[in-house]
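The opening residue of the sequence shown carries number 555 in my numbering; numbering runs sequentially from there.
Every residue gets a Cβ at the ideal spot worked out from N, C-alpha and C, and that includes glycine.
Owing to the predicted nature of the structure, the values given are computational and were not obtained by experimental measurement.
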Amino acid sequence: MRRSDWVLLIVLSFLWGGSFIFVEVALQGLPPVSVVFGRVALAALILGGVLAARGLALPRRAWGAALVMGLLNNAVPFTLFALAQGRIDGALAAIVNATTPLWTVVVAHVFTTDERITPAKAAGLAFGICGVAVMVGGASGGEALAILACLGAALSYGFAGVWGRRFKRMGVPPLATAFGQVTAASLLLLPVWLLHDRPWAMAAPGAGPLLAVLAMATLSTALAYLIFFRLLASAGPTNLSLVTFLIPVSAAAMGVLFLNEALLPRHLAGFILIAAGLVAMDGRGARWLARQRGAARDAK
């Protein structure tokens, strides 16, 4: 990758890692559904403006697929993470979120014919499962339920990754897909927000939670999608997948710096095992070792 791609990749990891920190701040004055609805609704307005400025639109035929994508990639996982973060820190939630590629492999194996679980992917899944077991094994009831909710969110992302393939086949621009899914998520969450949170009866949340929701919408959602699709075009999906390793690190660093969070040893051990699983599945490390062995043989 070019140096500019690396810079954008690190920025993206902080934007997505920062969303876990923003959620914690927002939950200090807002209920979970209000946090999620504010995030996707504001992001839809911002991305809608960007689309209009570029003369793009989501084709009418794609709205049905966007509705499912909004459910799987935004409404369900965002809500589960917000609910979970009422009991666990954002850094731990970000670590569990790193299991998303593992779930994607399982979903793709079950529901597609072109992506099967190879021995390397099986090894990666084994490491990932062990990492989750280490984190959940010593957790109390509330923490364990929160980790399971985060796993449900990661699984939903896995389904979204497989479902999202259809947009490329339909010829839908990626930015239009992003707009469609956050708009669909807003429409899905609107009745839940009105019936459950009754915003007209809520106490004023204060500036901090409101600014946190605004930051999530503008930085962790709208801007993050713009950077994501730019990197996808310039660096490719394989290099872009490196952000999965960086998000937990970014979230943990910001949690320690701004919220005085601290990860337990079993959380760190779980992350190491999950990261090892991702490395095994990615195959990048194995290919590098093979090149080094080949270079050593040639030198002899």
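Expressed to the nearest angstrom, what Euclidean distance is found between the alpha-carbon atoms of I701 and W754? 32 Å
Entirely enclosed alpha helix (DSSP H) segments - the segment 557-642, minimum 4 residues: 557-580, 586-608, 617-624 and 630-638
Pick from R556, G618, M623 and L656 that is closest to M835, judged by C-alpha positions: It is L656 whose Cα lies nearest to the Cα of M835.
Between G760, A693, R784 and G624, which has its C-alpha nearest A714's C-alpha? G624
Assigned exposure category for K722 - 16 Cβ within 10 Å defines buried: With a 10 Å radius around the Cβ and a threshold of 16 neighbouring Cβ atoms, K722 comes out exposed.
Within 10 angstroms of its Cβ, does F665 collect 16 or more other Cβ (buried), or is it exposed? exposed
Starting from V726, follow the alpha helix (DSSP H) in both directions and report where the run begins and ends. Here V726 belongs to no alpha helix (DSSP H), and DSSP marks it neither H nor E.
Buried or exposed for N627, going by 16 or more other Cβ atoms inside 10 Å? buried
CB contact flag (L584, L764, <9 Å): yes
How many whole angstroms separate the CB atoms of S795 and G571, which I take to be in contact at a CB cut-off of 8 Å? Not quite, the Cβ-Cβ distance comes to about 15 Å (not below 8 Å), so this is no contact.
Measuring straight from C-alpha to C-alpha, what distance separates A816 and V810? 6 Å
Over the uninterrupted alpha helix (DSSP H) stretch that includes G824, give me the two end residues. P819 to D836
Sort Q735, L832, D668 and I564 by Cα distance to L596 and report the nearest one. Q735
Using the rule of at least 16 other Cβ atoms within 10 Å of the residue's Cβ for burial, across every protein chain shown, is S774 buried or exposed? buried
Can you tell me whether H821 is buried or exposed, with buried defined as 16 or more other CB within 10 angstroms of its CB? buried
Nonlocal neighbours in the same chain, by C-beta distance under 8 Å from G691, ignoring five residues either side: R820
Cβ atoms of V688 and G831: under 9 Å apart, would you say? no
Can you tell which of L813, L605, P586 and A703 has its C-alpha closest to the C-alpha of T737? L605
Put S871 into one of helix, strand or coil per three-state DSSP. Examination of residue 871 is not possible in this model, given that the chain is present from 555 through 854 alone.
Grab the span of the alpha helix (DSSP H) containing G692 for me, first residue to last. That residue, G692, is in no alpha helix (DSSP H); it is neither H nor E in DSSP.
State the CB to CB distance for the pair V797 and L563, rounded to an integer number of angstroms; the pair is presumed to be in contact (CB under 8 Å). 6 Å
Please report the straight-line C-alpha distance between D751 and V587, rounded to a whole angstrom. Looking at the backbone, the Cα of D751 and that of V587 are separated by about 7 Å.
One question on the structure: do A611 and M724 come within less than 9 Å of each other, judged by their Cβ atoms? no
First and last residue of the uninterrupted alpha helix (DSSP H) at A515: Outside the displayed range of the chain (555 to 854) lies residue 515, so it cannot be described from this structure.
Along the chain, where does the alpha helix (DSSP H) containing L786 start, and where does it finish? A778 to S788
Once the 5 residues before and after N793 are set aside, which same chain residues still bring their CB inside 6 Å of it? M555
Residue span of the alpha helix (DSSP H) that contains G760, given as start and end: First-last for G760: undefined, no H or E at that position.
Could you pull out every residue in the same chain whose Cβ sits closer than 6 Å to the Cβ of A789, ignoring the five residues on either side in sequence? Around A789: M555 and D559.
Alpha helix (DSSP H) segments (min. 4 residues) lying fully within the segment 726-750: List check, alpha helix (DSSP H) in window: 728-746.
Backbone CA spacing between W617 and W717 [nearest angstrom]: 13 Å
Confirm, please, whether the CB-CB distance from R593 to F568 is below 9 Å. No, Cβ-Cβ distance for F568 and R593 is not below 9 Å.
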